[in-house]
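What follows is a set of notes on a single structure, which appears directly below.
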Amino acid sequence: AAGVIQSPRHLIKEKRETATLKCYPIPRHDTVYWYQQGPGQDPQFLISFYEKMQSDKGSIPDRFSAQQFSDYHSELNMSSLELGDSALYFCASRYWAGNTEAFFGQGTRLTVV
Amino acid sequence: KNEVEQSPQNLTAQEGEFITINCSYSVGISALHWLQQHPGGGIVSLFMLSSGKKKHGRLIATINIQEKHSSLHITASHPRDSAVYICAAHFGNEKLTFGTGTRLTIIP
Chain X
1 AAGVIQSPRH
11 LIKEKRETAT
21 LKCYPIPRHD
31 TVYWYQQGPG
41 QDPQFLISFY
51 EKMQSDKGSI
61 PDRFSAQQFS
71 DYHSELNMSS
81 LELGDSALYF
91 CASRYWAGNT
101 EAFFGQGTRL
111 TVV
Chain B
1001 KNEVEQSPQN
1011 LTAQEGEFIT
1021 INCSYSVGIS
1031 ALHWLQQHPG
1041 GGIVSLFMLS
1051 SGKKKHGRLI
1061 ATINIQEKHS
1071 SLHITASHPR
1081 DSAVYICAAH
1091 FGNEKLTFGT
1101 GTRLTIIP
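Protein chains in written order, with this note's numbering: chain X, 1 to 113; chain B, 1001 to 1108.
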């Protein structure tokens, strides 16, 4: 069965560079959640989308932006990268109606050097 | 405020022992997930529960809606079960709220 796909799996960037992370949800899932997990830390909610509209916003820095496209995949754009942005970024997808299970991607491990 | 608490934070056990990890939440939820994360790895969803009990191999998850409590049990634990186990709750249709995780170490 298809799972949530994230790309790339690993990414190394230098300070002040830009990174784009992609999340491809389970087919027919209309909701995507983005989370950031720093080393040894709990996942922190960044932002979510439902039907291509932002549905909720958490602790996402102003340097970050995200969107959900017509095919429901989502991209997290990160600019002016800082060392503290090094983390595992994972997304989860869900079908909003019907209280269904959320499925998780494997995550993108971003290292800022 | 939507809160999820887990216990214990760290758990070390001998191979073969029966393991229980607990999760409590503050208000009514629509669903609760049990997740597994190996060091440096991504997150794997083990179970989603909204009521009752689920079993998969040596893993069992239960939820008591009235007591706002869920447990994850591992029978005949094995060193490969060593990981961080996280419970995460959906409060309505909101984002998942994560517990702090339980770091499980199984010693051969």
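Yeah, the Cβ is synthetic: ideal placement off N, Cα and C, and Gly gets one too.
Model, not experiment: these values are computed from the prediction.
Does the beta carbon of Lys-1095/B sit closer than 7 Å to a beta carbon anywhere in chain X? One-based indexing of the second sequence puts residue 1095/B at position 95. With respect to chain X, the C-beta atom of Lys-1095/B has a partner C-beta closer than 7 Å.
What three-state label does DSSP hand Asp-1081/B in the structure shown? Taking the second sequence and counting its residues from 1, the one referred to as residue 1081/B is at position 81. Three-state result, Asp-1081/B: helix.
Contact criterion: CB-CB distance below 7 Å. Does Ser-1051/B meet it with respect to chain X? As a first step, residue 1051/B is located in the second sequence; it is residue number 51 there, counting from the start. Residue contact with chain X for Ser-1051/B: absent (no Cβ-Cβ distance below 7 Å to any residue of chain X).
Kindly indicate which residue of Ser-1007/B, Ala-1031/B, His-1038/B and Pro-1039/B has the alpha-carbon position closest to the one of Gly-1052/B. On the second sequence, residue 1052/B is found 52 positions in, with the first residue counted as 1. Checked all of Ser-1007/B, Ala-1031/B, His-1038/B and Pro-1039/B; the closest Cα to Gly-1052/B is Ala-1031/B.
Put Gly-1052/B into one of helix, strand or coil per three-state DSSP. Counted from its first residue, the second sequence places residue 1052/B at position 52. Strand at Gly-1052/B.
Counting only runs that start and end within the segment 1021-1071 of chain B, where is the beta strand (DSSP E) found for 3 or more residues in a row? Listed in chain order, they are 1031-1037, 1043-1049, 1052-1056 and 1059-1064.
Closest to Lys-13/X by C-alpha separation, out of Ala-92/X, Arg-28/X, Glu-82/X and Gly-107/X, would be which residue? Your numbering for residue 13/X matches position 13 in the first sequence. Ranking Ala-92/X, Arg-28/X, Glu-82/X and Gly-107/X by Cα distance to Lys-13/X puts Glu-82/X first.
Excluding the five sequence neighbours on either side, which residues of its own chain have a C-beta within less than 8 Å of the C-beta of Met-78/X, listed in chain order? What you label residue 78/X is simply residue 78 of the first sequence in a count that begins at 1. Closer than 8 Å at the Cβ level, and outside the excluded window around Met-78/X, lie Thr-18, Ala-19, Thr-20, Leu-21, Arg-63, Phe-64, Asp-85 and Leu-110.
Are Ile-26/X and Phe-103/X touching if we call contact CB-CB under 7 Å? Start at 1 with the first residue of the first sequence, and residue 26/X comes out as number 26. Start at 1 with the first residue of the first sequence, and residue 103/X comes out as number 103. Contact check for Ile-26/X against Phe-103/X passes: the beta carbons are separated by less than 7 Å.
Starting from Pro-43/X, find everything on chain B with Cβ-Cβ shorter than 7 Å and list it in chain order. The sequence position of residue 43/X within the first sequence is 43, counting from 1. Within 7 Å Cβ-Cβ: Phe-1098.
What would DSSP say about Leu-81/X, mapped onto helix, strand or coil? Counted from its first residue, the first sequence places residue 81/X at position 81. Leu-81/X: coil per DSSP, three-state reduction.
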